[in-house]
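Asks: Letter by letter, the sequence shown follows residues 1 to 1046 of full-length UniProt numbering. We put the CB at the ideal spot given by N, CA and C, even for glycine.
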Amino acid sequence: MKGPTADRSRGAIVRIKLENFMKYTRMEVRPGPSLNVIVGTNGSGKSSLVCAICLGLCGTPQMVGRASHVSDYIRHGADTAVIEIELYNPGDKNYVIERQINRNKSVWRLNGVIVPQKTVEAKVAELNIQVGNLCQFLPQDRVADFVRMTKQDLLVGTERAVGPRHMLDLHEQLKTLQLKHEKLAASLRSMQGRLEQDKQKNSQLDEEMKKFQEHRQAQKKVELLRQKLTWVDYDASRERFIQEKSKLREEEKSFETAEQQYQPLRERVHSLDKRHSELVQKEKTLKADAGSAGKKIEAALKAFSELNEESTSVKNELQLKIEEEASRSERIQKYENDIAELEKELAGSAAQELKEEQEQVLLELTSLNKKLNEVCHKKGLSESYINDRRREAISIDHEVKKLKDLSNQRMEILRRRHKDAHQAAQWLLQNESRFRGKIYPPIMTQINVHDPANAKYVEGQIAAKDLMAFVAENSEDLNSFLGTMRDERNLRINGVLAPSTPLESFVPRIPLKQITRWGFHSYLSELFTAPPAIMRYLCSLYQVHNVPVGTRETEKYVEEIKHTGLRRFYTQNQSYNVKVSRYDRSRVLTMSSEVRNPSLLVVSIDTTNLMELERRREAVAADISSRSAEIQGLSKEEKKLSELMEKCRCEKKRIMTEMARRRQLTVVIEQKKRSLEAIQKESMDLEKEREATKKKLKKLCLSKMKVVNNVIAALQTTFKNHRVWIEHILDVEKAAMEKKRAAAELKEAEASLRSLEAALREKRDKVRGMKLEAQRKLSTAQEAIGCAHTVHEIPEPFIQEFRKLPKTVEDIERMVHKEQVKLNCMLPVDASLEQEYQQRKKSIEQVERELSSTEAQLMSTKEEMEDARSRWLPELEALLERVNTGFVRFFGSLGCAGEVSLYRGEHPDKYDQYGVCIRVKFRDHEALTELSAAHQSGGERSVATVLYMMALQELTSVPFRCVDEINQGMDSANERRVFEMIMTTALKNSAQYFLLSPKLLPDLPYAENVTMIFIAKAQKSIADWDSSSVRGTGIGLANAIKRVRL
């Protein structure tokens, strides 16, 4: 049953989806908006659902109490678990929180977007979900923790669950202020004791302090003498420093004079360097000019050489013409002889005879061609007919193959049973190249059962979800494929990873020949074929290589077989599962069930249509054979006519060749005659040619004379440019020498200046050292009298004292010695006593100030406590009174008594001792006693726990509450009453409620808003289960189940 989402509270659970979590491979449940009763036997996975809610909403494994690490909740054999919880959000899209648990971390998603855990925690807190509060969320393994909660813990849980948000803050503030008040009071007592002790100790040292003052006066005189001595020493050092500083000023003036003389030398070197650079640049220009004139000479000489070559060419041309005129007469005689020979050869053959032979051959070819066309037409008709029949045969073969193609038919079954998987398979066929390894379509399309009668065993062994699952050889390919299908194409499909174990390693534990005597004829893996990756997966997960198949005869030996170690086997119509007790290996349990007919691996073939297609195929083959014999006869006749035509063509070709040769001879004769006429016309006047040649040579000679004059002029220019260039090079060298001499003079002057500078630097260092010494002695003198470092003269108070003392160093030192002897004769005084006295005096003053401050803080803290108490306690008492009202009412409906009150402890101002006291009475003759394991049984404590949580539920609005197997230990009457109370409370409140129980009493009344969720241990799903048949009001669970079975 599923309630409307409109009745849900904000944050209520709409959907829970699990993958590879604890016992669940894949599970999705949609709870109702009110009371959800989750029923299942022990170990079926009820508490796994509670663990998923806790961990999926930012809970920790410690809150669940089952494991220490979140990765322990991943299903055995898997690497990743996924928890997806959809929370109701009225007026907008629901919140979807997903937690992907890996071995070493968790990945959180909120509405499909990866976010940090803090973001999810903030959203859960905003929805007022407290999976860590046992008053709202009570897992099975924490029920005992709830009962063992101290009064103080129960108060904090109650404040957090039903109190205003500021109530718990005020409580925590009171506890903090209480601790602060206690620390301040202890500190105040400690300071008062220490102050009294210090005052007593100082009163005992007054007499000693008088002696100490006399000793101090003597010390002061010695100290005053030594202070004046430091000032006298400083005055002497200062006078020496002033004298040396005066000498330094004179040396600095000498250095400045030398430096002024050095500057003109630097400027002269700079000027000479600039002039040298200019001359070097001009030298480059002159060098380029000289090179340019040389290139002109080379160009003129090249022109002269070209004119010489042209003269030679003119002479050679004349000589060639003379030789050509001499050979022209010989060529005329040769052409005349060739023409005579060709005319003689042309007269030897008759043109009319050749024409008559050609006409006769053409008539014979036309007749043969007509006959050949008739034969080819008949042959073409027969071949066209055969081709049509062959295409018909191919079409029949395709139809037969289509009927026998199991894969296509199974893909059609897949399309009808699982459209998403079919769409994904079609996409995979077009995109196989996107993956590194092989991904196989659903297993049902890849299995080929040898005998259709054995399909029911194979299908019975493999789960339907795996038959429709895709198989990948690479985990990255599988994740990419499933992500594309689920996230991008929104297809709900399943995918598995083939193990890497070699297929050869999957060998039956018991050889087949050892069990054939019981009627077994093969193992499941021998009944079908599949790709190696799929076969490895089926062997690994479903042990198909260890499950034998037998006959009806096998059923006689079941008792023997179950002790052989076989855990599953098939007979003709039954499947058997053998289980051995974990504690007593001799106890063996055998369960059998009827083998169902296959629904996925079965393929129906139309045998009538198949036989008709095979009959048509035979008829077409016979027709093709008959027409082929006819074509062979026509081919022989065609070959004979073709041979005759070939002979005629050869004769025709001979005649045509002869006629062409005659035409060619006529053409050649005409060409040679035209060539002869051309040669006869080509005669030339040699004298005229000789005269023309002389004129050309004369003109070339004049050009060469002009070129020679150009060469002479270029040579003169080149000579002039080279001379200017050489003279300028000498100027450059002269400027370089002057620059070198000036640089040497500058270097010498610079060395002299550096020597003066070094002496000056040494003098400055000496003066600086004397200055530092005077400053050091000044600092010593200043420290001796305790004045500021800015004071360079003896302060006025010390001048008066120093005037009473000797003036010279020797006199001062003698007086110091005298006073020191007198001081040594006085009794020694312990200086540490005076120090101790003064320190204690300061300490007394400090403690008195701290004492005053602490008293003020203590008073302020007490006022804050009173203010917080006045705001917290009345509100808390009112809240517990309301809780008590509901708790008393619920207990009264059970015929028992109970009350909830505020526990204040022995000291009312000890706010960390405040708690909730629950007192109950289950029998009339008993008095109200505090709820504890010492006074009540486990069932009685469970009743009190449920009723306390129900009393809290009436006071607050939370999205949902969860109680796991709280009815353990209750008798049937109390369990029935508690259930009715929970259902009634769920009707009155909008909060969602999850109640988990391994069983329910028969004929319990169920309201319309109750959602029943059944969790059962089963290897197969109930295909024909109809939840609408058990939905209604006022029917018992047992009757509902009976109706479904009917």
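Is the beta carbon of tyrosine 570 closer than 8 angstroms to that of threonine 590?
Replies: Taking the sequence shown and counting its residues from 1, the one referred to as residue 590 is at position 590. Taking the sequence shown and counting its residues from 1, the one referred to as residue 570 is at position 570. In this structure, tyrosine 570 does not lie closer than 8 angstroms to threonine 590 by Cβ.
Asks: What separation, rounded to the nearest whole angstrom, lies between the Cα atoms of leucine 18 and glutamate 459?
Replies: Here residue 18 is taken as the residue at index 18 of the sequence shown, counted from 1. Here residue 459 is taken as the residue at index 459 of the sequence shown, counted from 1. C-alpha separation (whole angstroms): 26 angstroms.
Asks: Please look up how many angstroms separate the CB atoms of alanine 469 and isoleucine 443, rounded, as I've assumed it's under 8 angstroms.
Replies: Stepping through the sequence shown from its first residue, residue 469 is reached at position 469. Stepping through the sequence shown from its first residue, residue 443 is reached at position 443. Right, their Cβ atoms sit about 6 angstroms apart.
Asks: What's the gap between the Cα of serine 190 and the Cα of glutamine 846?
Replies: Within the sequence shown, numbered from 1, the residue matching residue 190 stands at position 190. Within the sequence shown, numbered from 1, the residue matching residue 846 stands at position 846. In a straight line, the C-alpha of serine 190 is about 14 angstroms away from that of glutamine 846.
Asks: Per DSSP, tryptophan 108 forms a beta bridge with which residues?
Replies: On the sequence shown, residue 108 is found 108 positions in, with the first residue counted as 1. DSSP output for tryptophan 108 lists Arg99 and Val115 as bridge partner(s).
Asks: From the DSSP output, read off the bridge partner residues of phenylalanine 137.
Replies: To locate residue 137, count along the sequence shown from 1; it is residue 137. When DSSP reads this structure, phenylalanine 137 sits in a beta bridge with Cys962.
Asks: So, at 6 angstroms on beta carbons, what are the nonlocal neighbours of glycine 550 in its own chain, with the 5 sequence-adjacent residues on each side left out?
Replies: For the purposes of this step, residue 550 is taken as the residue at position 550 of the sequence shown. Cβ within range, chain order: Gly519, Phe520 and Thr571.
Asks: How big is the Cα-Cα spacing for isoleucine 918 and alanine 944?
Replies: As a first step, residue 918 is located in the sequence shown; it is residue number 918 there, counting from the start. As a first step, residue 944 is located in the sequence shown; it is residue number 944 there, counting from the start. Near 9 angstroms, if we compare the C-alpha coordinates of alanine 944 and isoleucine 918.
Asks: When you compare only the Cα positions, how much space is there between serine 604 and asparagine 408?
Replies: As a position in the sequence shown, residue 604 is number 604, starting the count at 1. As a position in the sequence shown, residue 408 is number 408, starting the count at 1. Low local confidence applies: a pLDDT of 49 at serine 604 is under 50, so the model's placement there is unreliable, with the coordinate-based value given in what follows. Going from the Cα of serine 604 to the Cα of asparagine 408 covers about 12 angstroms.
Asks: Identify, in the order they occur along the chain, each residue of the same chain with its Cβ nearer than 8 angstroms to the Cβ of tyrosine 234, setting aside the five sequence neighbours on each side.
Replies: For this step, residue 234 is matched to residue 234 along the sequence shown. Ala774, Lys777, Leu778, Thr780 and Ala781, listed in sequence order.
Asks: Name the DSSP beta bridge partners of serine 51, please?
Replies: On the sequence shown, residue 51 is found 51 positions in, with the first residue counted as 1. Checking the sequence shown, residue 51 turns out to be cysteine, not serine. Note: cysteine 51 sits in no beta bridge, so no partner.
Asks: Hey, valine 14 and isoleucine 1013 are a contact pair by Cβ (cut 8 angstroms); roughly how many whole angstroms apart?
Replies: Looking up residue 14 in the sequence shown gives position 14. Looking up residue 1013 in the sequence shown gives position 1013. For valine 14 against isoleucine 1013, the beta-carbon gap comes to about 14 angstroms, at or over 8 angstroms, which does not count as contact.
Asks: Sorry if obvious, but does the Cβ on threonine 861 come closer than 7 angstroms to a heavy atom of the ligand ZN?
Replies: Absence of the ligand ZN is noted for the structure shown, with no ligands found whatsoever.
Asks: According to DSSP, is isoleucine 15 helix, strand or coil?
Replies: If you number the sequence shown from 1, residue 15 lands on position 15. For the record, residue 15 in the displayed sequence is arginine; it is not isoleucine. Arginine 15 falls in the strand class under three-state DSSP.
Asks: When burial is assigned at 16 or more other CB atoms within 10 Å of the CB, is phenylalanine 719 buried or exposed?
Replies: Residue numbering aside, residue 719 sits at position 719 when the sequence shown is read from its first letter. With fewer than 16 Cβ atoms within 10 Å of its Cβ, phenylalanine 719 is classed as exposed.
Asks: With distances taken Cα to Cα, identify the nearest neighbour of arginine 331 among Leu952, Leu676 and Glu745.
Replies: Indexing the sequence shown from 1 puts residue 331 at position 331. The residue with the shortest Cα to Cα distance from arginine 331 is Leu676.
Asks: Taking DSSP as the reference, what is the three-state secondary structure of glycine 40?
Replies: Locating residue 40 in the sequence shown gives position 40, counting from the first residue. Of the three classes helix, strand and coil, the one that applies to glycine 40 here is strand, per DSSP.
Asks: In the DSSP assignment, find the unbroken alpha helix (DSSP H) run with leucine 154 in it and report its ends.
Replies: Residue mapping note: residue 154 aligns to position 154 of the sequence shown, counting from 1. Leucine 154 -> alpha helix (DSSP H) spans 151-162.
Asks: Give me, in chain order, the residues of the same chain whose beta-carbon lies closer than 6 angstroms to that of arginine 8; leave out the 5 immediate sequence neighbours on both sides.
Replies: Residue 8 sits at position 8 when you count from the first residue of the sequence shown. Taking arginine 8 as the centre and dropping the five residues before and after it, the same chain places the C-beta of Pro33 and Tyr88 closer than 6 angstroms to its C-beta, in chain order.
Asks: Which residues in the same chain have their Cβ closer than 7 angstroms to the Cβ of serine 44, if we skip the five residues on either side of it in sequence?
Replies: For the purposes of this step, residue 44 is taken as the residue at position 44 of the sequence shown. These residues qualify, in order along the chain: Ile1015, Ala1016 and Lys1017.
Asks: Return the first residue and the last residue of the alpha helix (DSSP H) that leucine 478 is part of.
Replies: Sequence index remark: in the sequence shown, residue 478 carries index 478 (1-based). Run containing leucine 478: 475-483, per the alpha helix (DSSP H) assignment.
Asks: Nearest to leucine 995 by alpha carbon, out of Lys46, Phe21 and Asn974?
Replies: Counting from 1 along the sequence shown, the entry for residue 995 is found at position 995. For leucine 995, the nearest C-alpha among the options comes from Lys46.
Asks: I want to know whether the stretch 171-185 touches the stretch 852-868 - three or more CB-CB distances under 8 angstroms.
Replies: yes
Asks: Assess, as a yes-or-no matter, whether the stretch 69-88 is touched by the stretch 98-107 under the definition of 3 or more beta carbon pairs within less than 8 angstroms.
Replies: yes
Asks: Quick one: what's lysine 579 bridged to in DSSP?
Replies: Taking the sequence shown and counting its residues from 1, one reaches residue 579 at position 579. DSSP lists Leu589 as partners of lysine 579.
Asks: Hey, how far is the Cα of valine 280 from the Cα of arginine 741?
Replies: Indexing the sequence shown from 1 puts residue 280 at position 280. Indexing the sequence shown from 1 puts residue 741 at position 741. Spanning the two alpha carbons is a distance of roughly 18 angstroms.
Asks: Measure the CB-CB distance between threonine 854 and serine 187 and report whether it falls below 8 angstroms.
Replies: Reading the sequence shown from its first residue, position 854 is the one you call residue 854. Reading the sequence shown from its first residue, position 187 is the one you call residue 187. For threonine 854 and serine 187, yes; Cβs fall inside 8 angstroms.
Asks: By a C-beta neighbour count over all protein chains shown, 10 Å radius and 16 as the cutoff for buried, is histidine 418 buried or exposed?
Replies: Counting from 1 along the sequence shown, the entry for residue 418 is found at position 418. The residue is buried, with at least 16 neighbouring Cβ atoms inside 10 Å.
Asks: With which residues is valine 821 paired in a DSSP beta bridge?
Replies: Stepping through the sequence shown from its first residue, residue 821 is reached at position 821. None; valine 821 has no bridge partner.
Asks: The beta strand (DSSP E) with residue 1087 in it runs from where to where?
Replies: Summary: the structure shown does not reach residue 1087, with the chain confined to residues 1 through 1046, and so no result is reported for it.
Asks: Evaluate the contact criterion for the stretch 887-897 versus the stretch 938-958: three or more CB pairs, one atom per stretch, below 8 angstroms.
Replies: With the cut-off at 8 angstroms, the stretch 887-897 and the stretch 938-958 touch.
Asks: Please determine if the stretch 446-459 and the stretch 473-493 are in contact, where contact requires at least 3 C-beta pairs separated by less than 8 angstroms.
Replies: No, because fewer than three Cβ pairs between the stretch 446-459 and the stretch 473-493 fall closer than 8 angstroms, the two stretches do not touch.
Asks: What do you get for glycine 898, buried or exposed, if any count of 16 or more other CB atoms within 10 angstroms of its CB means buried?
Replies: Counted from its first residue, the sequence shown places residue 898 at position 898. It counts as buried.
Asks: Are the CB atoms of glycine 886 and glutamate 940 within a distance shorter than 8 angstroms?
Replies: Locating residue 940 in the sequence shown gives position 940, counting from the first residue. Locating residue 886 in the sequence shown gives position 886, counting from the first residue. No.
Asks: What residues match up with residue 1072 in a beta bridge as DSSP calls it?
Replies: Look at the range of the chain in this structure, 1 to 1046, and you will see that residue 1072 is not part of it.
Asks: What's the C-alpha gap between arginine 1031 and proline 1005?
Replies: Your numbering for residue 1031 matches position 1031 in the sequence shown. Your numbering for residue 1005 matches position 1005 in the sequence shown. Caution applies to arginine 1031, whose pLDDT of 48 falls short of 50 and renders its modelled position unreliable; the value that the coordinates give is listed next. Looking at the two C-alpha atoms, the distance is approximately 12 angstroms.
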